[in-house]
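Chemist: Below you'll find the structure I mean.
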Amino acid sequence: RSKVQEVQGPESITRVDPFKNGSCHASLTLSTRNIYRNYLNGAANKYTVKACLESCLARAQFSKCKCSDAKYAGYVERLCNEPDELTCMNSVRSSFKNNRLGCTEQCPQPCEHHSYRYTIMTSTLTTKAKETKKKDKFANKKDPSFDFDDNFLRVKIFYDELNLEKVVQSTYYDLQTLLGDIGGQMGLWIGISVISVAEFGDLLISLCIVATRKSRDRKKTKTSEMEMH
Numbered sequence: 091r092s093k094v095q096e097v098q099g100p101e102s103i104t105r106v107d108p109f110k111n112g113s114c115h116a117s118l119t120l121s122t123r124n125i126y127r128n129y130l131n132g133a134a135n136k137y138t139v140k141a142c143l144e145s146c147l148a149r150a151q152f153s154k155c156k157c158s159d160a161k162y163a164g165y166v167e168r169l170c171n172e173p174d175e176l177t178c179m180n181s182v183r184s185s186f187k188n189n190r191l192g193c194t195e196q197c198p199q200p201c202e203h204h205s206y207r208y209t210i211m212t213s214t215l216t217t218k219a220k221e222t223k224k225k226d227k228f229a230n231k232k233d234p235s236f237d238f239d240d241n242f243l244r245v246k247i248f249y250d251e252l253n254l255e256k257v258v259q260s261t262y263y264d265l266q267t268l269l270g271d272i273g274g275q276m277g278l279w280i281g282i283s284v285i286s287v288a289e290f291g292d293l294l295i296s297l298c299i300v301a302t303r304k305s306r307d308r309k310k311t312k313t314s315e316m317e318m319h
């Protein structure tokens, strides 16, 4: 049989943590508390959400039950075997599924992430003629039950697309923009307020001038009437 695995070009995702509050995991490696940190002598020491969540669950089980699930064999000090230990372990697992352990908050998405999408296909390896030729070359002639399909496998891995898809998050509304907008709004409203006060003052002055003129006109009228009499 021939097994072909098509791997599409890598997808690179870069996230931002604008408030530095751990909304994404900045480190590319696992933390020192992670049970998988020394797996394969550290060769697989790469941060993933899955590894972080599993480690969080294993540590929670060991903290409460003094043992952990058998699937963590080789990574924890002791596995749960006794009935009461299994009950305790299942209780912790239930809390984990209901997000009562805080593991989701401890294991955010990585700030930088590379992923590969792949497709697997299988097909017959060779034609009958080539199969016969390879049988003569590789088969044990003393074993008539030799079956080519059961003993040979060719694996071919190649990129389906030779391109990189990169998704980058960036801060759209940062502190500098916020302060600029606040300053702009304050300038606008202060400007409007100054103009309004000036216009109101101008109105009061105009009213005073008009009132003064009318008062003078009345006095002049009274004086003229007295002179006539």
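Numbering follows the numbering used here, with no gaps: position 195 of the sequence shown is 285. Where is the CB? At the ideal position from N, CA and C, for every residue including glycine. The model shown is predicted, which means the values in this text are computed figures rather than measured ones.
Rounding to the nearest angstrom, what Cα-Cα distance links Tyr162 and Ala148 in this structure?
Modeler: Numbered from its first residue, the sequence shown carries residue 162 at position 72. Numbered from its first residue, the sequence shown carries residue 148 at position 58. Tyr162 and Ala148: Cα-Cα distance of roughly 7 Å.
Chemist: Check Arg303 in the structure and name its three-state DSSP category.
Modeler: As a first step, residue 303 is located in the sequence shown; it is residue number 213 there, counting from the start. It is helical.
Chemist: Could you spell out the range, first to last residue, of the alpha helix (DSSP H) harbouring Phe152?
Modeler: One-based indexing of the sequence shown puts residue 152 at position 62. Residues Val139 to Cys155.
Chemist: Using the Cβ count rule (16 or more neighbours within 10 Å means buried), how would you classify Asp159?
Modeler: Translated into the one-based positions of the sequence shown, residue 159 becomes position 69. Buried.
Chemist: Going by the CB atoms, is the gap between Ser145 and Asn124 shorter than 7 Å?
Modeler: For the purposes of this step, residue 124 is taken as the residue at position 34 of the sequence shown. For the purposes of this step, residue 145 is taken as the residue at position 55 of the sequence shown. In this structure, Ser145 lies closer than 7 Å to Asn124 by Cβ.
Chemist: Please name the residue in Ile285, Phe242, His203 and Gln196 whose C-alpha comes closest to that of Leu118.
Modeler: The residue labelled residue 118 in the question sits at position 28 within the sequence shown. That would be His203, whose Cα lies nearest to the Cα of Leu118.
Chemist: State yes or no: is the C-beta of Cys157 within less than 7 Å of the C-beta of Arg168?
Modeler: Residue numbering aside, residue 157 sits at position 67 when the sequence shown is read from its first letter. Residue numbering aside, residue 168 sits at position 78 when the sequence shown is read from its first letter. Closer than 7 Å, so yes.
Chemist: Three or more beta-carbon pairs under 8 Å between the region 172 to 180 and the region 195 to 213, yes or no?
Modeler: Result no; under three Cβ-Cβ pairs closer than 8 Å.
Chemist: Specify, as a first and last residue, the run of the alpha helix (DSSP H) that Phe186 falls within.
Modeler: One-based indexing of the sequence shown puts residue 186 at position 96. Note, Phe186: alpha helix (DSSP H), Pro173 to Lys187.
Chemist: Is DSSP giving Glu70 helix, strand or coil here?
Modeler: No answer is possible for residue 70: the residues shown for the chain start at 91 and end at 319.
Chemist: Taking 7 Å as the threshold (C-beta atoms), are Cys193 and Val139 in contact?
Modeler: Position 49 of the sequence shown, counting from 1, holds the residue named residue 139. Position 103 of the sequence shown, counting from 1, holds the residue named residue 193. Result no, Cβ atoms of Val139 and Cys193 do not sit closer than 7 Å.
Chemist: Just list the residues that DSSP pairs Val257 with in beta bridges.
Modeler: By one-based count along the sequence shown, residue 257 stands at place 167. Answer is Ile103, bridged to Val257.
Chemist: Once DSSP output is grouped into helix, strand and coil, what is the label at Phe109?
Modeler: Numbered from 1 along the sequence shown, position 19 holds the residue referred to as residue 109. DSSP places Phe109 in coil when its eight states are reduced to three.
Chemist: For the beta strand (DSSP E) that Thr209 lies in, which residues bound it at each end?
Modeler: In the sequence shown, residue 209 corresponds to position 119, counting from 1. Segment Tyr208 to Ser213, the beta strand (DSSP E) holding Thr209.
Chemist: Alpha carbons only, please: which of Arg207, Gln275 and Val258 is nearest the one belonging to Ile247?
Modeler: Residue numbering aside, residue 247 sits at position 157 when the sequence shown is read from its first letter. The residue with the shortest Cα to Cα distance from Ile247 is Arg207.
Chemist: Between the alpha carbons of Tyr165 and Ser113, how many angstroms are there, rounded?
Modeler: Residue 165 sits at position 75 when you count from the first residue of the sequence shown. Residue 113 sits at position 23 when you count from the first residue of the sequence shown. Near 28 Å, if we compare the C-alpha coordinates of Ser113 and Tyr165.
Chemist: Please name the residue, chosen from Arg306, Gly281 and Ser260, that lies closest to Phe109 on a Cα-to-Cα basis.
Modeler: Numbered from its first residue, the sequence shown carries residue 109 at position 19. Nearest option by C-alpha distance: Ser260.
Chemist: Between Ile272 and Gly281, what straight-line distance do the alpha-carbon atoms span, to the nearest angstrom?
Modeler: The residue labelled residue 272 in the question sits at position 182 within the sequence shown. The residue labelled residue 281 in the question sits at position 191 within the sequence shown. Approximately 14 Å between the Cα atoms of the pair.
Chemist: Does Glu202 come out as helix, strand or coil in the three-state DSSP assignment?
Modeler: Counted from its first residue, the sequence shown places residue 202 at position 112. Here Glu202 sits in strand by DSSP.
Chemist: Once you ignore the five residues that flank Cys142 on each side, which residues in its own chain have a CB closer than 6 Å to its CB?
Modeler: Here residue 142 is taken as the residue at index 52 of the sequence shown, counted from 1. Only Cys197 meet the Cβ criterion.
Chemist: Which class does Lys246 belong to by DSSP, given the choice of helix, strand or coil?
Modeler: In the sequence shown, the residue the question calls residue 246 occupies position 156. It is a strand residue.
Chemist: Tell me where the alpha helix (DSSP H) around Thr122 begins and ends.
Modeler: In the sequence shown, the residue the question calls residue 122 occupies position 32. Note, Thr122: premise wrong, no alpha helix (DSSP H); not H, not E.
Chemist: Which of the three DSSP states, helix, strand or coil, is assigned to Cys170?
Modeler: The residue you call residue 170 lines up with position 80 of the sequence shown. Residue state, collapsed to three classes: coil.
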